[in-house]
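Scroll down for the structure; my scribbles are underneath it.
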Amino acid sequence: MSYELNQKIRELKPYAPLEGEYAVRLDANESYLSLSPEKLGAVFSKAMQEPLNRYPDPRAEKLCRAFAGYYGVRPEHCTAGNGSDELIALITSAFFVPGDELITLEQDFSMYRFYGEVSGVTTSIFPKRPDLTVNLDGLIEYASRTGARGLIFSNPCNPTSICLEKKQVIKLVQALPNCLVVVDEAYMDFADESVLSEIERYDNLMVLKTCSKAIGLAGIRLGFAVAGELLTRALQSVKSPYNVNSLTQVIGREVLSDRAFLEECTEELIRARDQLYSRILSLYARYQLIDEVYQTASNFVYFRTRYAKPIFEALKTRSIAIRYMGDYLRICAGSKDEMERLFEALEEIFQELSGMKG
Ligand SMILES: *Cc1c(COP(=O)(O)O)cnc(C)c1O
Numbered sequence: 176m177s178y179e180l181n182q183k184i185r186e187l188k189p190y191a192p193l194e195g196e197y198a199v200r201l202d203a204n205e206s207y208l209s210l211s212p213e214k215l216g217a218v219f220s221k222a223m224q225e226p227l228n229r230y231p232d233p234r235a236e237k238l239c240r241a242f243a244g245y246y247g248v249r250p251e252h253c254t255a256g257n258g259s260d261e262l263i264a265l266i267t268s269a270f271f272v273p274g275d276e277l278i279t280l281e282q283d284f285s286m287y288r289f290y291g292e293v294s295g296v297t298t299s300i301f302p303k304r305p306d307l308t309v310n311l312d313g314l315i316e317y318a319s320r321t322g323a324r325g326l327i328f329s330n331p332c333n334p335t336s337i338c339l340e341k342k343q344v345i346k347l348v349q350a351l352p353n354c355l356v357v358v359d360e361a362y363m364d365f366a367d368e369s370v371l372s373e374i375e376r377y378d379n380l381m382v383l384k385t386c387s388k389a390i391g392l393a394g395i396r397l398g399f400a401v402a403g404e405l406l407t408r409a410l411q412s413v414k415s416p417y418n419v420n421s422l423t424q425v426i427g428r429e430v431l432s433d434r435a436f437l438e439e440c441t442e443e444l445i446r447a448r449d450q451l452y453s454r455i456l457s458l459y460a461r462y463q464l465i466d467e468v469y470q471t472a473s474n475f476v477y478f479r480t481r482y483a484k485p486i487f488e489a490l491k492t493r494s495i496a497i498r499y500m501g502d503y504l505r506i507c508a509g510s511k512d513e514m515e516r517l518f519e520a521l522e523e524i525f526q527e528l529s530g531m532k533g
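Each residue of the sequence shown is one higher than the one before, starting from 176 at the first, in this note's numbering.
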């Protein structure tokens, strides 16, 4: 006799982001801006005052106040998590019971389905149109017909970078009153269609935010769920009490309290994103290698090309990491230097590939 894993985890493999060392990393949608040494010094001098022999504040009250202040919501509607990843896992495991159906979209962030399946909830996939937009009426019809208990998607979407309008999201929330609608706004700092201001009006709406993208703190693992009283109380009752460590709470609090700094960073990231987008468009126009470049409402650009694999591999050999997804590539905005290296490499690679095409 030997121990056997259950069927839902038997085939799973540990999450492996791109392995190896790269000089330029544009594959994980992180911010390329890091805190200045002065700012880092100020943050750490606050951290020095933390009694590390004590457990952190389970409610992360000061942190939630800083987050709420920056995003214009009420602190009592916010729950902090160890990255929004933790919150996604918590939602899929606590808000559904076996037999419930959770709808995810395709293409979208793969972790929703992953955590759903590990939690034992039935996940179903509602496909997007070939142009990667969402058939909203079709989705409402599908969710109503199946009696789905949950719907989760990212807006703007990772990986497509396309953004639904606020009124479209609200239409979903209104049309599916018995379905928990979780809107992951990880990239909404780069767009302007947030439904954060609506959470008090709908008790089936939850919004997820992360400090890993525009806020530039992927390393400290910090995310938030924002929802009305009913959902927030449930989420806070099921979370592990000390899920956000004291150092993360202090660092998050200090950075989220600095509005001028965050707005400046966000503006710079948007400028870098716009430049990345127009330079990809220029490759699209000059070579016949890219089939489609999608509008971007995030800090990355997504495009379709039959040459995705060779482009990805050729960049890898030049120590540049981007995200390869079948017939698509996703590239995140980087610093001026990183963008110079990227486009120098891409020009070379595109010329080579064009030559091979004859
Ligand atoms: C990056 C990302 C997150 C952030 O996850 P964290 O665990 O907070 O780092 C969440 N959702 C989407 C769609 C993302 O792309």
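From the three backbone atoms N, C-alpha and C, an ideal C-beta is built for every residue, glycine too.
Contact belief for residue i with residue j at Cβ below 8 Å, rounded distance in angstroms
i	j	result
residue 267	residue 291	5 Å
residue 398	residue 261	7 Å
residue 286	residue 331	In fact, because the Cβ distance is near 16 Å, the residues do not count as touching under 8 Å.
residue 547	residue 391	One cannot answer for residue 547 here, as it falls past the ends of the chain, which runs 176 to 533.
residue 518	residue 454	6 Å
residue 299	residue 327	Contact doesn't hold; Cβ gap of about 12 Å is too wide.
residue 297	residue 322	Not really, about 11 Å apart at Cβ, beyond 8 Å.
residue 469	residue 337	6 Å
residue 521	residue 458	6 Å
residue 430	residue 272	Their Cβ separation, rounded to whole angstroms, is 38 Å, which puts residue 430 and residue 272 out of contact at 8 Å.
residue 389	residue 365	6 Å
residue 347	residue 406	Contact flag wrong, Cβ pair sits at about 16 Å.
residue 269	residue 419	Actually they are not in contact, since the Cβ atoms of residue 269 and residue 419 sit about 17 Å apart, beyond 8 Å.
residue 477	residue 334	5 Å
Beta-ladder partner(s) of residue i, from DSSP
i	result
residue 423	Partner(s): none; residue 423 has no beta bridge.
residue 384	399
residue 500	503
residue 449	According to DSSP, residue 449 bridges with nothing at all.
residue 428	Paired residues: none, contrary to the question.
residue 199	495
Three-state class that DSSP yields for residue i in the structure shown
i	result
residue 403	coil
residue 364	helix
residue 467	strand
residue 359	strand
residue 495	strand
residue 479	strand
residue 512	helix
residue 413	helix
residue 374	coil
residue 529	helix
residue 234	coil
residue 179	coil
residue 391	coil
residue 459	helix
residue 188	coil
residue 193	coil
residue 472	coil
- [ ] Give me every residue whose Cβ sits closer than 5 Å to any heavy atom of ligand 1, in chain order.
- [x] 258, 259, 260, 284, 329, 333, 359, 361, 385, 387 and 398
Open item on the list: At 3 residues or longer, what runs of the beta strand (DSSP E) sit wholly inside the segment 313-355?
Closed with: 325-329
Task: Uninterrupted alpha helix (DSSP H) stretches inside the segment 241-326 (no shorter than 4 residues) - done: 258-269, 286-294 and 311-321
Task: Complete alpha helix (DSSP H) runs within the segment 201-229 (minimum length 4 residues, chain order) - done: 212-222
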